[in-house]
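Enquirer:
Numbering (the numbering used here), first residue to last: 2 to 149.
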């Protein structure tokens, strides 16, 4: 009986060494962002005439501010809007996540008159919106594959 405890004591360090060898790898951790702080909107300016060829950031800012002010008053003008990219008649903007629905409603229902550097009426078409910019950009390239 005395040999059984000695044998078990000798076996334990060898199993510990084997176990320690397996723990020397890299530790993998993951993190899920459930509620991102910002949302993204892909907009296209549409016009009843062909007077609008290319947009710039200043024009986009004035049109979006006019839409937000018309829809929500001074509260709408206070919503933080970041213009990420302007390309032709399209633009991508970033807004706080909780303000996404009011911004989409404001720009989607806005119609600008001839006083805004154009001969005809202009408005925004919401081409996409979401919490992840990569989804909007990826959807754009996917649509281009089918349109060619």
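Positions of the beta carbon are idealized from the N, C-alpha and C atoms, including for glycine.
CB-CB under 8 Å to residue 130, same chain, minus the five flanking residues each way: which ones, in chain order?
Expert: On the chain shown, position 129 is the one that residue 130 refers to. Cβ neighbours of residue 130 beyond the five flanking positions: 40, 41, 42, 43, 101, 105 and 137.
Enquirer: Determine the direct distance from the alpha carbon of residue 103 to that of residue 61, and round the result to whole angstroms.
Expert: Locating residue 61 in the chain shown gives position 60, where the first residue counts as 1. Locating residue 103 in the chain shown gives position 102, where the first residue counts as 1. Roughly 17 Å between the two C-alpha positions.
Enquirer: May I ask you to report which of helix, strand or coil DSSP gives residue 97?
Expert: The residue labelled residue 97 in the question sits at position 96 within the chain shown. Here residue 97 sits in strand by DSSP.
Enquirer: Keeping to the same chain, check which residues put their C-beta closer than 8 Å to that of residue 122; ignore five residues upstream and five downstream.
Expert: Translated into positions along the chain shown, residue 122 becomes position 121. Excluding residues within five positions, the ones whose Cβ falls inside 8 Å are 48, 49, 112, 113, 114 and 115.
Enquirer: Straight-line CA distance for residue 76 to residue 91?
Expert: Locating residue 76 in the chain shown gives position 75, counting from the first residue. Locating residue 91 in the chain shown gives position 90, counting from the first residue. Whole-angstrom Cα-Cα distance: 25 Å.
Enquirer: If I'm right that residue 53 touches residue 59 with Cβ under 8 Å, what's the distance once you round it to whole angstroms?
Expert: Numbered from 1 along the chain shown, position 52 holds the residue referred to as residue 53. Numbered from 1 along the chain shown, position 58 holds the residue referred to as residue 59. The Cβ separation is near 14 Å, so there is no contact.
Enquirer: For residue 89 and residue 56, I'd like the C-alpha separation in whole angstroms.
Expert: The sequence position of residue 89 within the chain shown is 88, counting from 1. The sequence position of residue 56 within the chain shown is 55, counting from 1. Cα-Cα distance, rounded: 6 Å.
Enquirer: Cβ atoms of residue 68 and residue 107: under 8 Å apart, would you say?
Expert: The residue labelled residue 107 in the question sits at position 106 within the chain shown. The residue labelled residue 68 in the question sits at position 67 within the chain shown. In contact: residue 107 and residue 68 (Cβ atoms closer than 8 Å).
Enquirer: Of the choices 110, 133 and 124, whose alpha-carbon is the least far from that of residue 96?
Expert: For this step, residue 96 is matched to residue 95 along the chain shown. Nearest option by C-alpha distance: 133.
Enquirer: Under three-state DSSP, which class holds residue 36?
Expert: By 1-based counting over the chain shown, the position of residue 36 is 35. Correct three-state label for residue 36: coil.
Enquirer: Going by C-alpha distance, which of 35, 28 and 64 is nearest residue 1?
Expert: The question about residue 1 has no answer, for the chain in this structure spans 2 to 149.
Enquirer: Rounded to the nearest angstrom, what separates residue 28 and residue 51 at their Cα positions?
Expert: The residue you call residue 28 lines up with position 27 of the chain shown. The residue you call residue 51 lines up with position 50 of the chain shown. Rounded to the nearest angstrom, the two C-alpha atoms are 58 Å apart.
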